[in-house]
Amino acid sequence: MIFGMEIKARRGLSGSQLYWVGLGCLGLAVAAFAGSFTLGTSLDPRGAVLVLVIGLVVSVIASIIAAILGIAGLVAFPPLRGRFIVLLVLSLLLSPLLWLGLIAAVL
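If you use UniProt numbering, the sequence shown corresponds to residues 1 to 107, in order.
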């Protein structure tokens, strides 16, 4: 006890919970990316740009978090390695940075 307070160790997420959180982040990334383009087309130019930028930022952050959780799951939970490899590959393939880079390369 330090100064009359007890310090307790807190347990983290299980492998399955970590996977589902990563999958939720990946779903949020896809929904924010698609939603920003869909909703942005029905607004005036200023509103469209605002919605597009916010949606893309949320999507990039969610995709990066999903990739980090995939890597963390690979390291921390070897028995569930297949799930986390799929999560990592999907987070990289569905990354808005990848798709925007491909669009910029084509145009």
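Where a beta carbon is used, it is the ideal one built from N, C-alpha and C, also for glycine. Keep in mind that this is a model prediction, so the values were computed, not measured.
Annotation: residue 79 is outside any alpha helix (DSSP H) and is labelled neither H nor E by DSSP. 7 Å or more divides the Cβ of residue 76 from the Cβ of residue 26.
Between residue 51 and residue 63, the C-beta gap is not smaller than 7 Å, which leaves the two residues out of contact. By the Cβ criterion, the stretch 79 to 92 is not in contact with the stretch 37 to 47, since fewer than three pairs of Cβ atoms, one from each stretch, lie closer than 8 Å. DSSP places residue 14 in the coil class of the three-state scheme, outside both helix and strand. Looking from the CA of residue 96, the closest CA among 14, 83, 31 and 47 belongs to 31.
According to the DSSP assignment, residue 98 belongs to the alpha helix (DSSP H) that extends over 96 to 106. Secondary structure of residue 43 (DSSP, three-state): coil. Counting only the Cα atoms, residue 12 lies some 31 Å from residue 98. Ranked by how close their Cα comes to the Cα of residue 88, the residues 68, 20, 59 and 57 have 68 in first place.
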